[in-house]
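Visitor: Chains A and B supply the protein sequences, listed in that same order. Here the first sequence is numbered in our numbering, starting from 129 and rising by one per residue. Here the second sequence is numbered in our numbering, starting from 129 and rising by one per residue. Here it is, the structure, as structure tokens.
There are 2 protein chains.
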Amino acid sequence: MDELKNDRYLRALLRQPVDMTPVWMMRQAGRYLPEYQATRAEAGDFMSLCRNADLACEVTLQPLRRFPLDAAILFSDILTIPDAMGLGLYFEQGEGPRFERPLSSFDDITKLPIPDPEQELGYVMNAVRTIRKNLHGEVPLIGFSGSPWTLATYMVEGGSSKSFTKIKKLMYAEPKTLHLLLAKLADSVTLYLNAQIRAGAQAVMIFDTWGGVLTGNDYREFSLAYMHKIIDGLQRENEGRRVPVTLFTKGGGQWLEAMAQTGCDALGLDWSTDIADARRRVGNQVALQGNMDPSLLYAQPQRIEREVAEILAGFGDGDGHVFNLGHGIHQDVPPENAGVLVEAVHRLSRPYHL
Amino acid sequence: MDELKNDRYLRALLRQPVDMTPVWMMRQAGRYLPEYQATRAEAGDFMSLCRNADLACEVTLQPLRRFPLDAAILFSDILTIPDAMGLGLYFEQGEGPRFERPLSSFDDITKLPIPDPEQELGYVMNAVRTIRKNLHGEVPLIGFSGSPWTLATYMVEGGSSKSFTKIKKLMYAEPKTLHLLLAKLADSVTLYLNAQIRAGAQAVMIFDTWGGVLTGNDYREFSLAYMHKIIDGLQRENEGRRVPVTLFTKGGGQWLEAMAQTGCDALGLDWSTDIADARRRVGNQVALQGNMDPSLLYAQPQRIEREVAEILAGFGDGDGHVFNLGHGIHQDVPPENAGVLVEAVHRLSRPYHL
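Okay, structure coming up:
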């Protein structure tokens, strides 16, 4: 493997000194880039793009050719595991992910297999290996998975949801059944992330997109406990380096203290949390990643810069900040505004790292 | 006017002693009740029901006939003001509210009239007077409005939204234009709530359904500041009694301290906030209303009771708690489960008020 040339992202996650704040963007390989749209059209549908290691590699690298980003992230979907369990993931035009065979009974759950990441999810590992090779050590590669709770919501609801009626009915009526599902998912995610690490992912992130729809008690019992279990089972060293783990619960700003106790290295913040408050609350335990509202990329360059400056000032002096958006980049932002963001983070953050 | 027989709700909002914790449910007059569905079918569409004082009164009183609730809430919609401004509110089947003529330019905003609540919104005042009369002093009547920010999101987006692209573009590109709109809405809401109070509303609530999609800074500038301005302009005494004001920002759990500084009497909490934490943070300044996840009404009675007990214990001893759901009751819950909730709150809260 090529030696890593830019390790700013990995160092910041471990709260080690850096020359400037590293930056990447959730969904940086995505529809806002015309070159992504071209590759996706070539692949056919979204899952075909994920399954083709060369094309998945191509779209992973596209944003890095445009912007001096400090990390690449595996191009894949958070729902690969339920798909590998046999639920049949597909995407309706403009509708988000759907499952052909959502879970509807205890029996469905007991029968779910734990996927072998090198078999049913081998296409993901091929993508990781291909991307890692083609990065030539320029920046580190991030692997990821959805959280057990988030995967379970899609598996039970059959797709996206607004009120999460089905899974909450299950949670309140048959908590043991839901725990069985979550335990299987936690085991599957652990195997999956460890396989990504062995295939070359230099950091991993767990996306808990829907943890924020829970009460605090339910979040700890049904989401956080399983992410904690995953972190306990992860291989934390590879190629002689620590493999940092970032935990991101959208809407989880009230639970940062509990999240920081899981043994993760960093917390992802959405934009509803003030990063200065977050640092006061957990800053000495973990690094923080975030947290500009992705809608700011619709604004004029000066407005974007002002927001970058405010977030950098909010985090303040010292190490342990990875700049990012608070959620994925929107598909209709002008790509040049992403460039404004990346340049501004690098330039404006230097004084905080003297 | 009849003398008020049960003032538990008003007393709790003012943190005065009560014999048991008062309880009402957001959207308690709604589709989960077959008698509501019958009256709505009689009225025709949703807005015709709102505009018919006798039928609006009928649905307001329906849940009180079933359950010993401690307050009634005006049956109306949060979007009556933009409708009165000429935007043309309508409801698509299963799609939520839409406007025929959403705002699309600075010119549209400068031309918006400030509705006279006794004219264009006279049907709401008629409903308030009719309900108040027919309540015969059994419980107090709550009036309400959407917050300026929440109204603005619908007016600019044209309806419900997932990513709030249009209003955020406006906010970041033309903040002064948005401030002009919000100032007009704040004036309109102030007039509207004061008219409701004069018509007989004994408490008012401001629903900020979408404040939680903002950053903390933007929330303070574009939502909270205007709610503060409204509260400053409200008539706080009527019929020799204080008229309490409750502020509810869904997803605003991180900003309770700032919300408590607005001069409101109470904060509504959604279920993502731990009520014990909320009380530690603001408990001596304001009362708290909330905050059971409405999905718990899908559960078995014992599970509902357990949750009620936990929320009551979380708030703890003393006064200043109004029990409620953290958001509106879902349309498909069994009505008898709402009865379980109300009975459990009254029974289990007595020991906290000895």
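We treat Cβ as the ideally placed atom computed from N, Cα and C, and that holds for glycine. A quick note: this is a predicted structure, and the numbers were derived from the prediction, not measured.
Any Cβ of chain B within less than 8 Å of the Cβ of A/W399?
Guide: Residue 399 of chain A sits at position 271 when you count from the first residue of the first sequence. So, interface residue.
Visitor: Could you tell me how far apart the beta carbons of B/L217 and B/F227 are, in whole angstroms, since I believe they sit closer than 8 Å?
Guide: Along the second sequence, one-based indexing puts residue 217 of chain B at 89. Along the second sequence, one-based indexing puts residue 227 of chain B at 99. Indeed they touch by this definition, with Cβ atoms about 6 Å apart.
Visitor: Need the endpoints of the beta strand (DSSP E) that B/Y480 sits in, please.
Guide: On the second sequence, residue 480 of chain B is found 352 positions in, with the first residue counted as 1. Unbroken run through B/Y480: none, as it is neither H nor E.
Visitor: Please determine, among A/T401, A/E170, A/R136 and A/N254, the residue with the shortest C-alpha to C-alpha distance to A/S204.
Guide: On the first sequence, residue 204 of chain A is found 76 positions in, with the first residue counted as 1. Measuring from the Cα of A/S204, the nearest candidate turns out to be A/N254.
Visitor: Could you name the residues of the stretch 368–402 of chain B whose beta carbon sits closer than 8 Å to any beta carbon of chain A, in the order they occur along the chain?
Guide: Cβ contacts with chain A: G379, G381, Q382, W399, S400, T401 and D402.
Visitor: Let me see if you follow: with CB-CB separation under 8 Å, is A/S232 close to chain B or not?
Guide: Numbered from 1 along the first sequence, position 104 holds the residue referred to as residue 232 of chain A. It does not: the Cβ of A/S232 has no partner Cβ on chain B nearer than 8 Å.
Visitor: State the Cα-Cα distance for the pair B/M129 and B/A327, rounded to the nearest angstrom.
Guide: Translated into positions along the second sequence, residue 129 of chain B becomes position 1. Translated into positions along the second sequence, residue 327 of chain B becomes position 199. Each residue's alpha carbon lies about 11 Å from the other.
Visitor: Chain A partners of B/H458, CB-CB under 9 Å?
Guide: Locating residue 458 of chain B in the second sequence gives position 330, where the first residue counts as 1. Per Cβ cutoff of 9 Å: S291 and T293.
Visitor: According to the Cβ coordinates, are B/V332 and B/L319 closer than 8 Å?
Guide: As a working note, residue 332 of chain B is residue 204 in the second sequence. As a working note, residue 319 of chain B is residue 191 in the second sequence. The answer is no: Cβ separation not under 8 Å.
Visitor: Taking contact to mean at least 3 C-beta pairs separated by less than 8 Å, is the stretch 336–356 of chain B in contact with the stretch 373–386 of chain B?
Guide: Because the criterion of three Cβ pairs below 8 Å is met, the stretch 336–356 of chain B and the stretch 373–386 of chain B touch.
Visitor: Which term fits B/L215, buried or exposed, when burial requires 16 or more other beta carbons within 10 angstroms of its beta carbon?
Guide: Translated into the one-based positions of the second sequence, residue 215 of chain B becomes position 87. When all chains shown are included, B/L215 counts as buried.
Visitor: Looking at C-alpha atoms only, which residue of A/G448, A/Y160 and A/G287 is the closest neighbour of A/L425?
Guide: As a first step, residue 425 of chain A must be located in the first sequence, where it is residue number 297. With distances taken between Cα atoms, A/L425 lies closest to A/Y160.
Visitor: Note down, one range per segment and in chain order, each beta strand (DSSP E) of at least 3 residues found wholly within the stretch 381–426 of chain B.
Guide: Qualifying beta strand (DSSP E) stretches, in chain order: 394–396 and 415–417.
Visitor: To test your reading of the DSSP string, which unbroken alpha helix (DSSP H) runs of 4 or more residues are found completely within the stretch 143–195 of chain A?
Guide: Segments of the alpha helix (DSSP H) lying fully in the stretch 143–195 of chain A: 162–171, 174–179 and 181–194.
Visitor: When you compare only the Cα positions, how much space is there between B/T401 and B/T377?
Guide: As a position in the second sequence, residue 401 of chain B is number 273, starting the count at 1. As a position in the second sequence, residue 377 of chain B is number 249, starting the count at 1. In a straight line, the C-alpha of B/T401 is about 12 Å away from that of B/T377.
Visitor: Let me know the secondary structure DSSP gives A/P210 once reduced to three states.
Guide: As a position in the first sequence, residue 210 of chain A is number 82, starting the count at 1. A/P210: helix per DSSP, three-state reduction.
Visitor: Quick one: is A/N419 buried, meaning 16 or more other Cβ sit within 10 Å of its Cβ, or exposed?
Guide: Looking up residue 419 of chain A in the first sequence gives position 291. Result: buried.
Visitor: Using only the alpha-carbon positions, how far apart do B/N452 and B/L197 sit?
Guide: Taking the second sequence and counting its residues from 1, the one referred to as residue 452 of chain B is at position 324. Taking the second sequence and counting its residues from 1, the one referred to as residue 197 of chain B is at position 69. Straight-line Cα distance between these residues: approximately 10 Å.
Visitor: Along the stretch 423–452 of chain A, where does the CB come closer than 8 Å to a CB of chain B? Name the residues.
Guide: Listed by position along the chain: S423, L424, Y426, A427, Q428, R431 and E438.
Visitor: Going along chain A, which residues have a C-beta under 9 Å from B/T149?
Guide: Position 21 of the second sequence, counting from 1, holds the residue named residue 149 of chain B. By Cβ distance, chain A contributes nothing, its closest Cβ being about 18 Å from B/T149, past 9 Å.
Visitor: Should A/G411 be flagged as near chain B, meaning a C-beta pair shorter than 8 Å?
Guide: Counted from its first residue, the first sequence places residue 411 of chain A at position 283. Closer than 8 Å: no.
Visitor: Residues of chain B with CB under 9 Å from A/K312, in chain order?
Guide: Locating residue 312 of chain A in the first sequence gives position 184, counting from the first residue. Chain B residues near A/K312: none, gap ~23 Å exceeds 9 Å.
Visitor: Would a check of beta-carbon distances place B/D205 closer than 8 Å to chain A?
Guide: By 1-based counting over the second sequence, the position of residue 205 of chain B is 77. False, the Cβ-Cβ gap to chain A never drops below 8 Å.
Visitor: Is the beta carbon of A/I270 less than 8 Å from the beta carbon of A/A181?
Guide: Translated into positions along the first sequence, residue 270 of chain A becomes position 142. Translated into positions along the first sequence, residue 181 of chain A becomes position 53. It is not a contact, given that the beta carbons lie outside the stated cut-off.
Visitor: If you measure from the beta carbon of A/D421 to each beta carbon in chain B, is any gap under 8 Å?
Guide: The residue given as residue 421 of chain A occupies position 293 in the first sequence. Chain B, which has a Cβ nearer than 8 Å to the Cβ of A/D421, makes this yes.
Visitor: Could you check the C-alpha separation between A/R434 and A/L440 for me, to the nearest Å?
Guide: The residue you call residue 434 of chain A lines up with position 306 of the first sequence. The residue you call residue 440 of chain A lines up with position 312 of the first sequence. Approximately 10 Å between the Cα atoms of the pair.
Visitor: Would you give the residue range spanned by the alpha helix (DSSP H) that A/G361 belongs to?
Guide: In the first sequence, counting from the first residue as 1, residue 361 of chain A sits at position 233. Looking at the DSSP string, the run of the alpha helix (DSSP H) that includes A/G361 is A353 to G361.
Visitor: By how many angstroms is the C-alpha of B/D393 removed from the C-alpha of B/H356?
Guide: By 1-based counting over the second sequence, the position of residue 356 of chain B is 228. By 1-based counting over the second sequence, the position of residue 393 of chain B is 265. So the alpha carbons of these two residues sit roughly 12 Å apart.
Visitor: If distances are taken between C-alpha atoms only, which option among B/Q428, B/S477, B/L207 and B/E163 comes closest to A/K297?
Guide: The residue you call residue 297 of chain A lines up with position 169 of the first sequence. A/K297 has its Cα closest to that of B/Q428, out of B/Q428, B/S477, B/L207 and B/E163.
Visitor: Which one of B/G396, B/A404 and B/P145 has the shortest CA to CA distance from B/R478?
Guide: Translated into the one-based positions of the second sequence, residue 478 of chain B becomes position 350. Out of B/G396, B/A404 and B/P145, B/P145 has the C-alpha closest to the C-alpha of B/R478.
Visitor: Need the endpoints of the beta strand (DSSP E) that A/D447 sits in, please.
Guide: Residue 447 of chain A sits at position 319 when you count from the first residue of the first sequence. Unbroken run through A/D447: none, as it is neither H nor E.
Visitor: Indicate whether B/G391 and B/G448 have their beta-carbon atoms separated by less than 8 Å.
Guide: Residue numbering aside, residue 391 of chain B sits at position 263 when the second sequence is read from its first letter. Residue numbering aside, residue 448 of chain B sits at position 320 when the second sequence is read from its first letter. No, they are not a contact pair.
Visitor: The beta strand (DSSP E) with A/L217 in it runs from where to where?
Guide: Here residue 217 of chain A refers to the residue found at position 89 when the first sequence is read from its first residue. That run of the beta strand (DSSP E) goes L217 to E220.
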